[in-house]
Amino acid sequence: MSMDDSERGLTRRRFLQLGGAAGAATGLQTLTPGRLVGRGVPAADGPTVLDGGDAEVEITVREVRWSVDGRERTAVTMNGSVPGPLLRLREGGEAVIHVHNELDESTSIHWHGLILPNEMDGVPGLNFPGIAPGETFTYRFPVVQAGTYWYHSHSGFQEQIGHFGAMIIDPAGDEPDPVDREHVVILSDWTFENPHRIMARLKKHPDYYNNQRRTLGDFFADVSEQGLGATLSDRLDWGRMRMMASDISDITGSTYTYLVNGRGPEDNWTGLFTPGERVKLRFINAAASSFFDVRIPGLPLTIVQADGQPVHPVEVDEFRIAIGETYDVIVEPAEDRAYTVFAEAMDRSGFARGSLAPNEGMEGGIPPRRERALLTMADMGHGDHAGHDLGQMEEAGAMEHEGHDMPPPEPEPMDHSGHDMGAMAGMDPGPALRAPGTLPDDQMHGPDEHGSGNAGVAMTATSRLDEAGIGLGDDGWRVLRYSDLEARDVRPNFRAPGREIELHLTGNMERYMWSIDGVHFRDADPIEVRYGERIRLTMINDTMMNHPMHLHGMWMELENGRGDRIPRAHTINVKPAEKISLLFDADALGPWAFHCHVLYHMDAGMFRIVNVVGDAAADDHH
24 MSMDDSERGL TRRRFLQLGG AAGAATGLQT LTPGRLVGRG VPAADGPTVL DGGDAEVEIT
84 VREVRWSVDG RERTAVTMNG SVPGPLLRLR EGGEAVIHVH NELDESTSIH WHGLILPNEM
144 DGVPGLNFPG IAPGETFTYR FPVVQAGTYW YHSHSGFQEQ IGHFGAMIID PAGDEPDPVD
204 REHVVILSDW TFENPHRIMA RLKKHPDYYN NQRRTLGDFF ADVSEQGLGA TLSDRLDWGR
264 MRMMASDISD ITGSTYTYLV NGRGPEDNWT GLFTPGERVK LRFINAAASS FFDVRIPGLP
324 LTIVQADGQP VHPVEVDEFR IAIGETYDVI VEPAEDRAYT VFAEAMDRSG FARGSLAPNE
384 GMEGGIPPRR ERALLTMADM GHGDHAGHDL GQMEEAGAME HEGHDMPPPE PEPMDHSGHD
444 MGAMAGMDPG PALRAPGTLP DDQMHGPDEH GSGNAGVAMT ATSRLDEAGI GLGDDGWRVL
504 RYSDLEARDV RPNFRAPGRE IELHLTGNME RYMWSIDGVH FRDADPIEVR YGERIRLTMI
564 NDTMMNHPMH LHGMWMELEN GRGDRIPRAH TINVKPAEKI SLLFDADALG PWAFHCHVLY
624 HMDAGMFRIV NVVGDAAADD HH
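Residues 24 to 645 in our numbering are what the sequence shown lists, from first letter to last.
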């Protein structure tokens, strides 16, 4: 997202003041993490490691021809590779990163999940003007955290065609989860189409890439299993909503190839191990539009970090990783054989895969593919799960179509009793922004007020933290749920919020319009909070799609019943018809981006600015 410089009052002179100047020295190693040198063997054509803990580093953004499974297209790369170089930093140090732009358009780098000064966050038009063609910008910021993170362009659709990389920050003290070896596993989606063409197609035909629609054969199969009446009722329900039960992802394997560390399924990325070792896999979802369901057949997975933050270990067989999220996983392969790292797209239209193997050239087999799942009425906030029947909706539903604006049905009042902070650790909830069921004067809330920007509103939004997600949890495998996450350490500043901000995630699929509170970013006012405030952010997903919501510059804390061991997150997925609450401390001055990390949803308008304002004393303190 970008705005005219004048809209933010950000001048070229101010940009140069913020950017600073520095000398240049580049630390280059192999792909192997610095503290494990000699234990891992990267592929010969793998990306380099830039060791920002010992030296200033250089990143050059340029176009190169890039091959995936034997087919080429032009990619936007950093230092000539997809993904870009693995950037290694150290907690307590200072990062100094010189970024040179050799493109014929502006570029940028956002440091996803990092807590840093506002002017270093890398969002063009919001924090700085961007990096113009032929120019260099120096990012300089203190490194105040440890864990697995990543970085990517915040300019146009560059992220879709290669402009992303991994960032690992080693702790200042002891490693909380010592292992014998580690590998970074970046999952992404790759297209040989121009991303602007993809967006144009979605605008004209939102189901253009849905090649898994239900067929006449599916109809007769459902009749055989459910009966004619139930099958006809189901089809009529979806027809009234002008939606499809198979609409899991906007963009599918019909155009996407799914990658592990820049390699397609045929190229088979390989990470080495010696039987009996403890191996850490740092998973990053750097996709533009794809969720992945990750498993390694034959190996249990122990989750030890989520979004870079240590969590109480959870052993699972599979986990879903939303766009923008990271998970650290420990495995202990005991057999002298290859294991398959298998990441299925959520809609089952394709997969990424690699191998863990004792030797190069070995590869694990591809496990049987699962059938694609279908959305249910529960996913839309209707039916038995929500206590409503779709027949309660108007015949035309809440959809806007054929040029006629049709208002959505009157929603039931939301129940806010489940968010009483007084129930958490015996604390007083503190002053509230509003009483349950009332509306603040300065914001639109309630889907009935969201106009043409919102359609197909869920009748009831509920907590779904204990649900694995569509297509998961029905095969006996242990699947990670958000309710499983618990911080390793007690949160030292855990306290009640002073007020609540409620936001509806809204969309009109027929027009491919995405927004917050029914308002496109270009027409929305910033969400303004005072420095030092503690806020409860409640999000209600009125749409049929998953939305991974990312807040820049500040940690969110997921209210999942873990009290003062509440887990931190920089990205949280909000399922269809889900109501979810997070807490955050407004402890970083300035305008910060808050948006859906589905790149095409963000570009279509699901983006807001959270502006943290304070007085001079607060400025000095910060």
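Even glycine gets a Cβ: it sits at the ideal position worked out from N, Cα and C.
Using a Cβ-Cβ cutoff of less than 8 Å, which residues in the same chain neighbour residue i once the five nearest sequence positions on both sides are dropped?
i, result
"residue 231", "224 and 225"
"residue 619", "528, 537, 570, 571, 572, 573, 625, 629 and 630"
"residue 289", "92 and 93"
"residue 579", "560, 591, 592, 593, 595, 605, 606 and 607"
"residue 100", "84, 85, 86, 87, 89, 107, 185 and 186"
"residue 504", "488, 489, 490 and 491"
With a threshold of 6 Å on Cβ separation, who are the neighbours of residue i within its own chain once the five nearest residues in sequence on each side are excluded?
i, result
"residue 91", "213, 280 and 287"
"residue 189", "109, 173, 207, 209 and 307"
"residue 304", "206, 208 and 352"
"residue 105", "89, 98, 185 and 285"
"residue 508", "329, 334 and 590"
"residue 200", "327"
"residue 345", "314, 571 and 596"
"residue 493", "396"
For a test of the three-state rule: what should DSSP assign to residue i, helix, strand or coil?
i, result
"residue 164", "strand"
"residue 575", "coil"
"residue 503", "coil"
"residue 225", "helix"
"residue 218", "helix"
"residue 516", "coil"
"residue 596", "strand"
"residue 545", "helix"
"residue 493", "coil"
"residue 371", "coil"
"residue 580", "strand"
"residue 77", "coil"
"residue 138", "coil"
"residue 158", "coil"
"residue 534", "helix"
"residue 182", "helix"
"residue 588", "helix"
"residue 451", "Low per-residue confidence applies at residue 451: pLDDT is 34, beneath 50, and the placement is therefore not dependable, though the value from the model is reported in the following sentence. Residue 451: coil per DSSP, three-state reduction."
"residue 636", "strand"
"residue 567", "coil"
"residue 385", "coil"
Enumerate in chain order the residues of its own chain whose CB-to-CB distance from residue i is below 7 Å, with the five nearest sequence positions on each side excluded.
i, result
"residue 636", "551, 553 and 554"
"residue 215", "94 and 96"
"residue 276", "368, 372 and 373"
"residue 390", "320, 363 and 365"
"residue 157", "124"
"residue 122", "82, 84, 132, 154, 159, 160 and 162"
"residue 487", "598 and 601"
"residue 181", "99 and 130"
Measure the Cβ-Cβ separation of residue i and residue j and say whether it is below 7 Å.
i, j, result
"residue 524", "residue 560", "yes"
"residue 84", "residue 124", "yes"
"residue 282", "residue 378", "no"
"residue 175", "residue 164", "no"
"residue 302", "residue 322", "no"
"residue 325", "residue 336", "yes"
"residue 597", "residue 617", "no"
"residue 114", "residue 192", "yes"
"residue 300", "residue 318", "no"
"residue 557", "residue 520", "yes"
"residue 126", "residue 75", "no"
"residue 360", "residue 316", "no"
"residue 347", "residue 170", "no"
Is it buried or exposed, residue i, if we count other Cβ atoms within 10 angstroms and call 16 or more buried?
i, result
"residue 117", "exposed"
"residue 102", "buried"
"residue 500", "exposed"
"residue 602", "buried"
"residue 196", "exposed"
"residue 309", "buried"
"residue 542", "buried"
"residue 357", "exposed"
"residue 80", "buried"
Can you name the start and end residues of the alpha helix (DSSP H) that residue i belongs to?
i, result
"residue 368", "Taken as a continuous stretch (DSSP letters only), residue 368 belongs to no alpha helix (DSSP H), being part of the beta strand (DSSP E) at 362-368."
"residue 622", "622-627"
Along the chain, where does the beta strand (DSSP E) containing residue i start, and where does it finish?
i, result
"residue 11", "This structure gives no information on residue 11, because the portion of the chain shown stretches from 24 to 645."
"residue 654", "Residue 654 is absent from the model: the chain starts at 24 and stops at 645."
"residue 329", "324-329"
"residue 614", "613-619"
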